[in-house]
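> Take this structure, written in structure tokens, and hold onto it; I'll ask about it next.
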Amino acid sequence: MASKLASLFKDTTIYGASTILARGLNYLLVPFYANLLSADENGIQGLIYTNIAFAMILYTYGMEQAYLKFAADAQKKNDSTATVSTDAIFTTPFLSILFSSTLFSSVIALFAESLCDAMNIPRAAALYVRLAALILFLDAVVTIPMTRLRQERNAARFALIRISNVVATLAVSLLLLTAFNLGLLGAFLGNIAGSLVSVLLVLPLMRLPRLDFSASLFKELLRYGLPFVPNGLAAALIHFIDRNVLIRLSTPEITRIYERDLSAEALVGIYMRVYAFATLLQLVIQMFRFAWQPFFLQHASDRDAKNLFSRVFTLTSVGMILVAFAASMFVPHLIRVYWFDRFYILPPPFWLGLSIVPILFLAPVFEMMNTNLSAGLMIEKRTEVLPIVTAVGAGVTFLLCVVLIPKFAMTGAAIAGVSGSIAMTIGTYIFSQRIYPNSFEWTKILSTLCLAVALWHLSTNIVGGVWPQVVALVLFIGVLMMLFAKEVRSITKRLAPKKTVLDS
Numbered sequence: 324m325a326s327k328l329a330s331l332f333k334d335t336t337i338y339g340a341s342t343i344l345a346r347g348l349n350y351l352l353v354p355f356y357a358n359l360l361s362a363d364e365n366g367i368q369g370l371i372y373t374n375i376a377f378a379m380i381l382y383t384y385g386m387e388q389a390y391l392k393f394a395a396d397a398q399k400k401n402d403s404t405a406t407v408s409t410d411a412i413f414t415t416p417f418l419s420i421l422f423s424s425t426l427f428s429s430v431i432a433l434f435a436e437s438l439c440d441a442m443n444i445p446r447a448a449a450l451y452v453r454l455a456a457l458i459l460f461l462d463a464v465v466t467i468p469m470t471r472l473r474q475e476r477n478a479a480r481f482a483l484i485r486i487s488n489v490v491a492t493l494a495v496s497l498l499l500l501t502a503f504n505l506g507l508l509g510a511f512l513g514n515i516a517g518s519l520v521s522v523l524l525v526l527p528l529m530r531l532p533r534l535d536f537s538a539s540l541f542k543e544l545l546r547y548g549l550p551f552v553p554n555g556l557a558a559a560l561i562h563f564i565d566r567n568v569l570i571r572l573s574t575p576e577i578t579r580i581y582e583r584d585l586s587a588e589a590l591v592g593i594y595m596r597v598y599a600f601a602t603l604l605q606l607v608i609q610m611f612r613f614a615w616q617p618f619f620l621q622h623a624s625d626r627d628a629k630n631l632f633s634r635v636f637t638l639t640s641v642g643m644i645l646v647a648f649a650a651s652m653f654v655p656h657l658i659r660v661y662w663f664d665r666f667y668i669l670p671p672p673f674w675l676g677l678s679i680v681p682i683l684f685l686a687p688v689f690e691m692m693n694t695n696l697s698a699g700l701m702i703e704k705r706t707e708v709l710p711i712v713t714a715v716g717a718g719v720t721f722l723l724c725v726v727l728i729p730k731f732a733m734t735g736a737a738i739a740g741v742s743g744s745i746a747m748t749i750g751t752y753i754f755s756q757r758i759y760p761n762s763f764e765w766t767k768i769l770s771t772l773c774l775a776v777a778l779w780h781l782s783t784n785i786v787g788g789v790w791p792q793v794v795a796l797v798l799f800i801g802v803l804m805m806l807f808a809k810e811v812r813s814i815t816k817r818l819a820p821k822k823t824v825l826d827s
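Note that the sequence shown ends on residue 827 in our numbering; no numbers are left out.
And the structure:
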């Protein structure tokens, strides 16, 4: 088991390093946009980008997960028993997405003004909607080539492409906004530049003897992949429906809640920039997921598979609780620092949203649990139950957004998102236990979560600057070291210098 965990850790480290570096570079744009664009422009950009992420699920319609599964199965079979060629397993989902993305983006470009009305933003933003359609097309066509790199465990090349995308986006955006003063247009053009770089870098992966499309395989891919779409939409709904409800608040409603004059676009802009810091935790989940899906599919038939998966569940859940706990306490302090006496990460007008930071950081804890629990459903090919989990999570999120946002605005949005994550985790657990029963260390995990919440509450209500939070973090880490003494001893032993002949 140790060697398998080491393999998972190695892949996670590579994916993680590239993801952290890419997101780290990308996050340079957060204070940049916050300081150079108005709150209203930040809101329009954030809302369109939100719906890009939502639409991306429809653009790929489960083909990423389906390709991973069918490619992994093909590796285990003898070539003589294969019903379709290896090339077809790659080219069939690729050609499918290429065709459908062309169609989808054309429709978006044609009805851009109507989509602006639907999003409750000015029709003048139709140009940005059309540029978003181009971004969606470019990002969709690289999905299967990038997934192929994951399936082949070519983490280094995967990382290079991701980082190149972000570097190009960052460089072009900075150039267009500062040197050419293109404002919001420059931000969208920068994103297009990054997406084009990704397309150019994956072109060598598509040099195949023939573009073989298998209709029978396509039907199987759809049968396996489509159930992931509602599940993906539910996850997106949890993260993105809040902004689409916030944008519909009237100025009198916003004034009543915050006692200041703000437009709905400005409120969404503030919420988006604060929310960006919560997505730092989601990137931890993302980098784990990149390595986790190929890992559990490859080891599903091992004799110790369930024990292995249970241990991964405990370690990743507690690890996410630790990260969320630390972030909840220190991110607000970092945002309020006037760095080098020159700038804030977020200017003071955006501090209106800092009160929701701890709530936002709670959601990724349950998303990490959900990522682990869904493994059994994929192993047993029972992904058809995912739409039920979807309905529960989406329903809870949507209902609470509609009820809470008009009363509490950003706070209501944050609570709704966390509640949706919890509902989906509970639903996934119930189904996974019926289909792929396993035992988990719930007492240890939930005790750790309760301790983190209690220490956060105590430390943030004690006057003394940042020091109460520092003490709370040290205390929390100490408790974790006692709870996981066995793991700590194992790590210490591995890190200890080995004795040589000269030492003796």
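Think of the CB as a built atom: it goes at the ideal place given N, C-alpha and C, for glycine as much as any other residue.
Would you give the residue range spanned by the alpha helix (DSSP H) that Asp462 belongs to?
It spans 449-464 - the alpha helix (DSSP H) in which Asp462 sits, taken as one unbroken run.
> Determine, using beta carbons only, whether Leu560 and Ala717 come nearer to each other than 8 Å.
Yes, Cβ-Cβ distance for Leu560 and Ala717 is below 8 Å.
> Could you check if Val712 is buried or exposed, using at least 16 other CB atoms within 10 Å of its CB as the buried criterion?
Flag for Val712 reads buried.
> Using the DSSP secondary-structure output, state which residues sit across from Phe666 in a beta bridge.
Phe666 pairs with Trp662.
> Tell me the residue span of the alpha helix (DSSP H) that contains Asn365.
Element bounds for Asn365: 362-383.
> With a threshold of 7 Å on Cβ separation, who are the neighbours of Asn514 within its own chain once the five nearest residues in sequence on each side are excluded?
Within the same chain, Asn514 has close Cβ partners Ile458, Thr492.
> Would you mind listing the alpha helix (DSSP H) stretches within the segment 647-721 that are 4+ residues and don't spill past its ends, in chain order?
Whole alpha helix (DSSP H) segments, 4+ residues: 680-696, 698-702.
> Could you tell me which of Ser651, Leu778, Asp410, Asn784 sits nearest to Leu798, measuring between CA atoms?
Checking every option, the nearest Cα to that of Leu798 belongs to Leu778.
> Once DSSP output is grouped into helix, strand and coil, what is the label at Asp627?
Note: Asp627 maps to coil in three-state DSSP.
> How close, in whole Å, do the beta carbons of Ile658 and Thr734 come, if the pair is a contact with beta carbons under 8 Å?
Rounded, the Cβ-Cβ distance is 17 Å, inconsistent with contact.
> Please name the residue, chosen from Ala587, Gln474, Pro354, Leu524, that lies closest to Ala395 on a Cα-to-Cα basis.
With distances taken between Cα atoms, Ala395 lies closest to Gln474.
> Could you check the C-alpha separation between Ala628 and Met701 for me, to the nearest Å?
Taking the straight line joining both Cα atoms gives about 14 Å.
> Assign Thr578 to buried or exposed, taking buried as 16 or more other Cβ atoms, counted over all protein chains shown, within 10 Å of its Cβ.
It counts as exposed.
> Taking its Cβ as the centre, do 16 or more other Cβ atoms sit within 10 Å of Leu620, making it buried, or is it exposed?
Classification for Leu620: buried.
> Going by Cα to Cα distance, which pick from Ala376, Ile564, Pro550, Pro687 is closest to Leu603?
For the residues Ala376, Ile564, Pro550, Pro687, the minimum Cα distance to Leu603 belongs to Pro687.
> Counting only the same chain and skipping the five closest in sequence on each side, list residues whose C-beta sits under 7 Å from that of Leu818.
At Leu818, the pLDDT of 46 sits below 50, so the modelled position is not reliable and the matter cannot be decided from this model.
> Given that a residue counts as buried once 16 or more other Cβ atoms are within 10 Å of its Cβ, and exposed if not, what is His562?
Looking at its Cβ environment, which holds 16 or more other Cβ atoms inside 10 Å, His562 is buried.
> What are the complete alpha helix (DSSP H) segments, minimum 4 residues, inside the segment 529-598?
The qualifying runs are 538-548, 551-569, 574-581.
> By the 10 Å Cβ neighbour count, where 16 or more other Cβ atoms means buried, how is Lys392 classified, buried or exposed?
Buried, because 16 or more other Cβ atoms sit within 10 Å of the Cβ of Lys392.
> For the alpha helix (DSSP H) that Ser762 lies in, which residues bound it at each end?
Taken as a continuous stretch (DSSP letters only), Ser762 belongs to no alpha helix (DSSP H), as it is neither H nor E.
> Does the Cβ of Met595 have 16 or more other Cβ atoms within 10 Å, making it buried, or fewer, making it exposed?
Per the 10 Å Cβ criterion, buried.
> Give me the Cβ distance between Ile593 and Leu519, rounded to the nearest whole Å; I'm assuming they're in contact under 8 Å.
Contact doesn't hold; Cβ gap of about 31 Å is too wide.
> Under 8 Å: do the segment 723-739 and the segment 647-664 share three or more Cβ pairs, one atom per stretch?
Not touching, per the Cβ criterion.
> State the DSSP-derived secondary structure class of His780, mapped to helix, strand or coil.
If DSSP states are grouped into helix, strand and coil, His780 belongs with the helices.
> By alpha-carbon positions, which one of Arg705, Leu569, Val635 ends up nearest to Thr751?
For the residues Arg705, Leu569, Val635, the minimum Cα distance to Thr751 belongs to Arg705.
> Which of helix, strand or coil does DSSP assign to Val789?
DSSP places Val789 in coil when its eight states are reduced to three.
> Residues in the same chain with beta-carbon distance under 7 Å from Asp389, minus the five sequence neighbours each way, listed in chain order, please.
What sits at residue 389 in the sequence shown is Ala, not Asp. Correct list, in chain order: Pro416, Leu544, Tyr547, Gly548.
> State the Cα-Cα distance for the pair Ser403 and Pro617, rounded to the nearest angstrom.
At Ser403, the pLDDT of 47 sits below 50, so the modelled position is not reliable; the number obtained from the coordinates is stated separately. Whole-angstrom Cα-Cα distance: 24 Å.
> First and last residue of the alpha helix (DSSP H) that includes Arg485?
Residues 478-497.
> On the three-state DSSP scale, how would you describe Asn443?
Coil, per DSSP.
> Taking 7 Å as the limit between beta carbons, can you name the residues of its chain near Ala378, skipping five residues before and five after?
So the list reads Leu459, once near-sequence residues are dropped.
> Can you tell me whether Trp790 is buried or exposed, with buried defined as 16 or more other CB within 10 angstroms of its CB?
Exposed, by the Cβ-count rule.
> What number of angstroms, rounded off, separates the C-alpha of Leu362 from the C-alpha of Asp462?
It should be noted that the sequence gives Ala, not Leu, for residue 362. Straight-line Cα distance between these residues: approximately 27 Å.
> May I ask you to report which of helix, strand or coil DSSP gives Glu475?
Note: Glu475 maps to coil in three-state DSSP.
> Regarding Glu707 and the ligand COA, is the C-beta to nearest heavy atom distance less than 7 Å?
With respect to the ligand COA, the structure shown offers nothing to examine, as it has no ligands at all.
> In whole angstroms, what separates the C-alpha of Phe807 from that of Thr771?
Their backbone Cα atoms lie some 11 Å apart in a straight line.
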